[in-house]
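**Student:** For reference, the structure I am asking about is given below.
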Amino acid sequence: MLNAILGSFKNMMDDCKQKNLSGSDFDSMCEAYARMEQLGQEHSDMNAFNAQMMTENLYGKFSDFYGRALSAPSAQSSGAAAGGYDDAALLKQSVDALKQAIITIRKSYQDAIEEASGKNVQQQNQAGLDFLERNTEKGLFSATGGMEALRTETAKSMGETLKKTPNAFDNTVEVEVLSNPEALIKPIQDVIDLGEQPGMTLPRFLRTQIETGLDKAMDGAVAARDSYITEKEFIDASPVSSFHLQKIDKKIQRFDELAAANKFHVPNWTELKFNMDDIDREFERDIQQWDRVKRRWEDLLWDLSMWSLSYCSFAPYIKPWAMAKDPVAATIHTQNTGPGIFKEKEKLLQKYFGISFHDIFKQPSFLWDVKYNYIDYSQEFLDFLIEKIYPECNPFNQLPSDKIEARASFYKRDRNAEDRENNPEAHIPADRMRIFYNKKFGEGRYESKYGNIEKNDSKAAPWNIATFKYSM
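Add 64 to a position in the sequence shown, counting from 1, and you land on the number used in this note's numbering.
Have a look at this one:
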């Protein structure tokens, strides 16, 4: 999307290069463009990007230096005097720069819409395959039919995706809702209207902006608050952790505090940025700790599940072992190596986080995942792993036959078996996002992009943390 936003500026800069223009104005124009690119890399939200562009007056600076660079040769050839003060010309130049900023913002928005349409996704995919073909060792894909077979299969896959989810590659609605620039453009237009009032002079134009707060409104801070509200909506729909919720709530609160303390109820952009950075740093350690602990307990539960599953008679016929060259040998490898690997991971969890295996189930991240149905396993299956499998998972130990049979009973290995391994409400997080997504972007938008949400057919009872004794 950065190319769509900055494309017109790059074309203007390239135009100057082709005309062999040089000088301080040309250099300043290139510096302004370099700063635009830097901000483009720092921001993922288009309105926040445009707001900071306005704060630093980069649209105005670029347009000003671009005009000066183009006019410099003719001014030199005509012997035009330099350094004279022309109030009307300078006022017009300031207003014209703002008008150009609006044109550029709207064009950037339309370019972003066009890029988000997904019309060129097949060409982009083919270009990616062309790159792969040029930079891959010949014969690498020969076992699967070569590059042409890969192209055919990719095109077929894309066709099937579009048949099921027609808007899979179309993000125009999302861009229209999240990045509509009109809230940012209105205060700029207000300043333009001020500059075009009869009898306006440059000093009065600048003074009035400061006295009325128009210059602050033009900074785009109001649009920035909208981006924080949208971020909160997404987090509420898919709350990864309690710290993510606390962080975004604190950002919105701090924004409002800074706005209330300002004469014009618009926070200073620089002060706002420093405050937001402080809040990010305040929560960074807790978020990282949460993620690290969660990854480790998820890994341990997965290892217990897969180690016990590898003993079942049908294991060689299911993934991941069925993908091995010798599936039976692969299951035996898991049986022999699983306990040793598990115990080392368990020791590391204790060493670095002070958490034992049974402490896992009292961890805030575990309780959070149960509450919001991010947990993959059913409650009865986790009881089984803790009580029956964990005590057996020791190096050089083999799983007893009665526990192998019990483990197999949880897995839906054929149509006559029932799944009791999976959380029966594992679809709820996706459904929560679906409800929010359709409310935000229009009814049916989620389904048209991602398809219908499939529920598993687990026959296990839903989680009830109050009856899960290991969390007490």
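Virtual Cβ for every residue (Gly too), placed ideally from N, Cα, C.
Mind checking whether G182 and N235 have CB atoms under 8 Å apart?
**Tutor:** Cβ distance < 8 Å, so G182 and N235 count as in contact.
**Student:** For K523 versus D483, is the C-beta distance shorter than 8 Å?
**Tutor:** Taking 8 Å as the Cβ cut-off, K523 and D483 qualify as a contacting pair.
**Student:** For W361, which residues of its own chain have a beta-carbon under 7 Å away from its beta-carbon, when the five flanking residues on both sides are left out?
**Tutor:** Correct list, in chain order: I424, Q427 and F430.
**Student:** Helix, strand or coil for N486 per DSSP?
**Tutor:** It is a strand residue.
**Student:** Can I351 and F298 be called in contact, C-beta distance under 8 Å?
**Tutor:** Taking 8 Å as the Cβ cut-off, I351 and F298 do not qualify as a contacting pair.
**Student:** T229: which of K519, Y534, Y514 and N528 sits nearest, CA to CA?
**Tutor:** Minimum Cα distance to T229 is reached at Y514.
**Student:** Thinking C-beta only, is A301 closer than 8 Å to V239?
**Tutor:** No, the pair does not count as a contact, with Cβ atoms beyond the cut-off.
**Student:** Using the three-state DSSP reduction, which class does A145 fall into: helix, strand or coil?
**Tutor:** Because A145 sits at a pLDDT of 44, beneath the cut-off of 50, its placement in the model cannot be relied upon, and the following sentence gives the value as read from the coordinates. Here A145 sits in coil by DSSP.
**Student:** What did DSSP end up calling Y441 once you bin it into helix, strand or coil?
**Tutor:** Strand.
**Student:** Are three or more beta carbon pairs between the stretch 374-389 and the stretch 464-478 nearer than 8 Å?
**Tutor:** The stretch 374-389 is in contact with the stretch 464-478.
**Student:** With a CB to CB cut of under 6 Å and the five nearest residues on each side skipped, what residues in its chain are close to W385?
**Tutor:** The residues are A379, P391, A394 and T395.
**Student:** From what residue to what residue does the alpha helix (DSSP H) around E217 run?
**Tutor:** Start and end: G210 to K228.
**Student:** Starting from P267, trace the alpha helix (DSSP H) in both directions and tell me its first and last residue.
**Tutor:** Residues L266 to T276.
**Student:** Residues in its own chain within less than 8 Å of C80 by CB, not counting five upstream and five downstream?
**Tutor:** For C80, where only same-chain residues beyond five positions count, the Cβ hits under 8 Å are F90, M93, Y130, A133 and L134.
**Student:** Can you give, in chain order, each stretch of the alpha helix (DSSP H) that sits fully within the stretch 330-410 and has at least 4 residues?
**Tutor:** If we require 4 residues or more, the alpha helix (DSSP H) runs fully inside the stretch 330-410 come out as 333-373.
**Student:** Go ahead and pull the three-state DSSP assignment for H107.
**Tutor:** It is coil, neither helix nor strand.
**Student:** Beta-carbon within less than 7 Å of L154's beta-carbon, same chain only, minus the 5 sequence neighbours each way: which residues are those?
**Tutor:** Excluding sequence neighbours, L154 sits near L266.
**Student:** Any idea if I8 is buried or exposed, counting beta-carbon neighbours within 10 angstroms, 16 or more meaning buried?
**Tutor:** Only positions 65 to 536 of the chain appear in this structure, which leaves residue 8 out of reach.
**Student:** Just to confirm my understanding: we take D466, look at its own chain, exclude 5 residues before and 5 after, and list those with CB closer than 7 Å. What are they?
**Tutor:** Here the set comprises nothing.
**Student:** In angstroms with no decimal places, state the Cα-to-Cα distance between E489 and I529.
**Tutor:** Approximately 14 Å between the Cα atoms of the pair.
**Student:** Which complete alpha helix (DSSP H) runs does the stretch 446-479 hold, if anything under 4 residues is left out?
**Tutor:** Whole alpha helix (DSSP H) segments, 4+ residues: 465-472.
**Student:** Starting from the N-terminal side, write out each stretch of the alpha helix (DSSP H) that is 4 residues or longer and does not extend beyond the stretch 74-134.
**Tutor:** Listed in chain order, the complete alpha helix (DSSP H) runs (minimum 4 residues) inside the stretch 74-134 are 88-106 and 110-119.
**Student:** Can you tell me where the alpha helix (DSSP H) holding I53 begins and where it ends?
**Tutor:** This structure cannot speak to residue 53, because the chain is shown only from 65 to 536.
**Student:** Pick out whichever of K383, Q164, K296 and A98 has its Cα sitting closest to the Cα of G539.
**Tutor:** Any question about residue 539 goes unanswered here, given that the chain covers just 65 to 536.
**Student:** Tell me which same chain residues have a C-beta within less than 6 Å of the C-beta of E410, skipping the five on either side of it?
**Tutor:** Taken in chain order, the residues that qualify are F421.
**Student:** Using three-state DSSP, classify N189 as helix, strand or coil.
**Tutor:** Of the three classes helix, strand and coil, the one that applies to N189 here is helix, per DSSP.
**Student:** Can at least three beta-carbon pairs, one atom from the stretch 271-291 and one from the stretch 328-346, be found at a separation below 8 Å?
**Tutor:** Result yes; three or more Cβ-Cβ pairs closer than 8 Å.
**Student:** From L161 to R215, what does the alpha carbon distance come to, in whole angstroms?
**Tutor:** Before going further, note that residue 161 is Ala rather than Leu in the sequence given. The straight-line gap from Cα to Cα measures roughly 48 Å.
**Student:** Alpha carbon to alpha carbon, how far is K296 from P543? Give it in angstroms, no decimals.
**Tutor:** Residue 543 lies beyond the stretch modelled for the chain, which goes from 65 to 536, so this question has no answer here.
**Student:** For a quick check, are the C-beta atoms of F233 and V185 less than 8 Å apart?
**Tutor:** Yes.
**Student:** Classify L292 as helix, strand or coil using the three-state DSSP reduction.
**Tutor:** Going by the sequence as given, residue 292 is Tyr instead of Leu. In the structure shown, Y292 sits in a helix (DSSP, three-state: H, G or I).
**Student:** How big is the Cα-Cα spacing for E246 and R345?
**Tutor:** Each residue's Cα considered, the two are about 32 Å apart.
**Student:** For K533 and S305, I'd like the C-alpha separation in whole angstroms.
**Tutor:** Rounded to whole angstroms, K533 to S305 spans 23 Å at the Cα level.
**Student:** Between F460, H491 and L413, which lies nearest to S442 when the distance is taken from Cα to Cα?
**Tutor:** The shortest Cα separation from S442 among F460, H491 and L413 belongs to H491.
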